[in-house]
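Here the structure comes first, spelled out in structure tokens, and everything after it is commentary.
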Amino acid sequence: MSSSFKSPHVDDRRDFGRLIRRVGEVMAKHLTERPDMPVDSSLPPMELRRELASIPLAKNGMTADDILSLLEDKVMPWSMPPNHPRSYAWVNTSPAPISILSDALATTLNNGLADYDHSGTYLMYSLGRWLMELSGFVDATGTPNGMAILLGGGSAANLNGLTVARYWAAKRDGWGIRVEGLQNNRPALIYYASAEAHSSVQKCVEQLGIGTANLRSIEMDAAFRMRPEALREAIEKDLAAGLSPACVVAAVGSTNVAAIDPLDDIADICEEYNLWLHVDGAYGGIVGLDPAYTEMTRAMSRVNSLTLDPHKWLQVPLDCGALLVRDRQLNHENYALIPDYLRPAGTDEGSVPWPSEYMFELTFGDRALKTWAAIARLGRDGVRDMIVNCNNLARILGEVIGESDDLELLSPVSVSTVNFRHVPVGPSLSESELNILNQNISDAIVDSGEAHIPTTKVRGAVSLRACFLHYENCEEDVHHLVSLVRRFAD
Ligand SMILES: Cc1ncc(COP(=O)(O)O)c(C=O)c1O
Numbered sequence: 021m022s023s024s025f026k027s028p029h030v031d032d033r034r035d036f037g038r039l040i041r042r043v044g045e046v047m048a049k050h051l052t053e054r055p056d057m058p059v060d061s062s063l064p065p066m067e068l069r070r071e072l073a074s075i076p077l078a079k080n081g082m083t084a085d086d087i088l089s090l091l092e093d094k095v096m097p098w099s100m101p102p103n104h105p106r107s108y109a110w111v112n113t114s115p116a117p118i119s120i121l122s123d124a125l126a127t128t129l130n131n132g133l134a135d136y137d138h139s140g141t142y143l144m145y146s147l148g149r150w151l152m153e154l155s156g157f158v159d160a161t162g163t164p165n166g167m168a169i170l171l172g173g174g175s176a177a178n179l180n181g182l183t184v185a186r187y188w189a190a191k192r193d194g195w196g197i198r199v200e201g202l203q204n205n206r207p208a209l210i211y212y213a214s215a216e217a218h219s220s221v222q223k224c225v226e227q228l229g230i231g232t233a234n235l236r237s238i239e240m241d242a243a244f245r246m247r248p249e250a251l252r253e254a255i256e257k258d259l260a261a262g263l264s265p266a267c268v269v270a271a272v273g274s275t276n277v278a279a280i281d282p283l284d285d286i287a288d289i290c291e292e293y294n295l296w297l298h299v300d301g302a303y304g305g306i307v308g309l310d311p312a313y314t315e316m317t318r319a320m321s322r323v324n325s326l327t328l329d330p331h332k333w334l335q336v337p338l339d340c341g342a343l344l345v346r347d348r349q350l351n352h353e354n355y356a357l358i359p360d361y362l363r364p365a366g367t368d369e370g371s372v373p374w375p376s377e378y379m380f381e382l383t384f385g386d387r388a389l390k391t392w393a394a395i396a397r398l399g400r401d402g403v404r405d406m407i408v409n410c411n412n413l414a415r416i417l418g419e420v421i422g423e424s425d426d427l428e429l430l431s432p433v434s435v436s437t438v439n440f441r442h443v444p445v446g447p448s449l450s451e452s453e454l455n456i457l458n459q460n461i462s463d464a465i466v467d468s469g470e471a472h473i474p475t476t477k478v479r480g481a482v483s484l485r486a487c488f489l490h491y492e493n494c495e496e497d498v499h500h501l502v503s504l505v506r507r508f509a510d
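Going by this note's numbering, the first residue of the sequence shown is number 21, and it counts up by one from there.
The following block contains the structure:
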């Protein structure tokens, strides 16, 4: 029997030089033209949406050039807001050009990060040290047993951290979660987080079988920070009820208002009651590089696990989340499972632990290259300056609001986030009228294509939430945003 199959991929491999030059031009055109496009350019006309959703699978494959033409004409013109410097939406930003390029190199190699000694695995260990250093996670010992695990995002990193916390708490209580599961009527493990915690924390608790009935929502102070005294009271109450306090989730840069929970006090409480401390720093985990936030985040060196999201403030292309763990042995105990068809990590001199023994995922792409490149391009001072710039812009916007009769701050300016609303001078409007007015202002700004500032709610009030994360943001953007709010309010 003979086989005459020849894949068209063979032709493309041979023609790769020409094809990549074509793609390079499309990418460069996009990056050049993007600032002049409407900020939200994501939605194609209805006819094109229908066409894209119903392309029939042809009997014979398309040529590489036809595929690229289709993508160039019908996909590339439609870009979501975060790819634009005047998008202040959510906690999302544009990828660093060097990371886009590095990611292309990573996919060319296709070296997964699971379980092999290869160049990317070693680079990941450098990156891990860098992330520990940038976030202040490194302690006086240099955190020799620490490790960074790269995942799909902040939600996945929180899940990984809170899973290891569950393993650790069960072990502390004298039982093994991997064998028993949650089936043996043990005293319930209790998790604690502030009411401002990201929704993924609740999802994690649900997925882990802890259950929302065992997630305590801890009261906050006026600045939306967890109240340590309320945490202590909740722990005491649970102990008195025979339950098993296990883990506290603190935020450094909560999603809505960028609050920073009082880490030092919370770390003291965790030490006193022997609880796991996980910090969700998906957004603000590296804010301590800004001298204005260094003291507030000093206790990062005391936390057990920390979520960072390089695809947020570090301008890494989607996707890359990171979990930093202080004692990777616990991750190994929780996750390691090495069947016959896999090998355990090598023990040769210079070999490094293989990520898949420390996390749930097995095969996944090399998220290290693009993340390493984004940080390498800036250096430590460059990352700091970028963080300081974004925080300063938030502060400037806060000052402009403070000096205006027609603008009102809805939460304290924190990290690079400002929550505010327009309150017309003159006839006083009810809260619901103000909500409608500010929603309309947001919608009108989005429709104008000049900026993108969706709303959230702060204590029930509709808020224009501006989050500065883009590497090109500057003071002119702040004044432009304020002028847009006034123009559309009129
Ligand atoms: C504080 C915080 N934690 C977790 C997440 C979830 O991260 P991801 O969307 O990457 O899963 C976010 C997302 O905005 C966040 O702001």
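For glycine and all other residues, C-beta sits at the position ideal for the given N, C-alpha and C.
Ligand 1 heavy atom lying under 8 Å from the CB of residue i
| i | result |
| --- | --- |
| K191 | no |
| A486 | no |
| Y303 | yes |
| V482 | no |
| G172 | yes |
| T327 | yes |
| W98 | no |
| K332 | yes |
| V592 | It is not possible to answer for residue 592, since the shown part of the chain is limited to 21 through 510. |
| G181 | no |
| A185 | no |
| N439 | no |
| A215 | no |
| A270 | no |
| D339 | yes |
| S321 | no |
Residues that residue i bridges to, as DSSP identifies them
| i | result |
| --- | --- |
| V199 | Per DSSP, none; premise fails for V199. |
| T475 | L484 |
| E428 | R441 |
| T275 | In the DSSP output, where bridge partners are listed per residue, T275 has none listed. |
| I280 | V272 |
| A342 | L170, L328 |
| M246 | M240 |
| P511 | The question about residue 511 has no answer, for the chain in this structure spans 21 to 510. |
Cβ-based burial, residue i [other Cβ within 10 Å; buried from 16]
| i | result |
| --- | --- |
| W195 | exposed |
| G162 | exposed |
| T367 | exposed |
| V403 | buried |
| E249 | exposed |
| A260 | exposed |
| M144 | buried |
| D258 | buried |
| G231 | exposed |
| E453 | exposed |
| F440 | buried |
| T127 | exposed |
| C224 | buried |
| M21 | exposed |
| T141 | buried |
| S548 | Limits of the chain in this structure are 21 at one end and 510 at the other, which puts residue 548 out of reach. |
| L334 | buried |
| L328 | buried |
| H216 | The sequence shown places Glu at residue 216, not His. Burial call: buried. |
| I40 | exposed |
| G181 | buried |
Under the three-state DSSP convention, the category residue i falls into
| i | result |
| --- | --- |
| Y361 | coil |
| M167 | strand |
| Y293 | helix |
| Y211 | strand |
| F508 | helix |
| H50 | helix |
| P58 | coil |
| G301 | strand |
| I120 | helix |
| A134 | coil |
| P76 | coil |
| I306 | coil |
| R236 | strand |
| S114 | coil |
| M320 | helix |
| S99 | strand |
| C224 | helix |
| P28 | helix |
| S434 | strand |
| S107 | strand |
| G370 | coil |
| C410 | helix |
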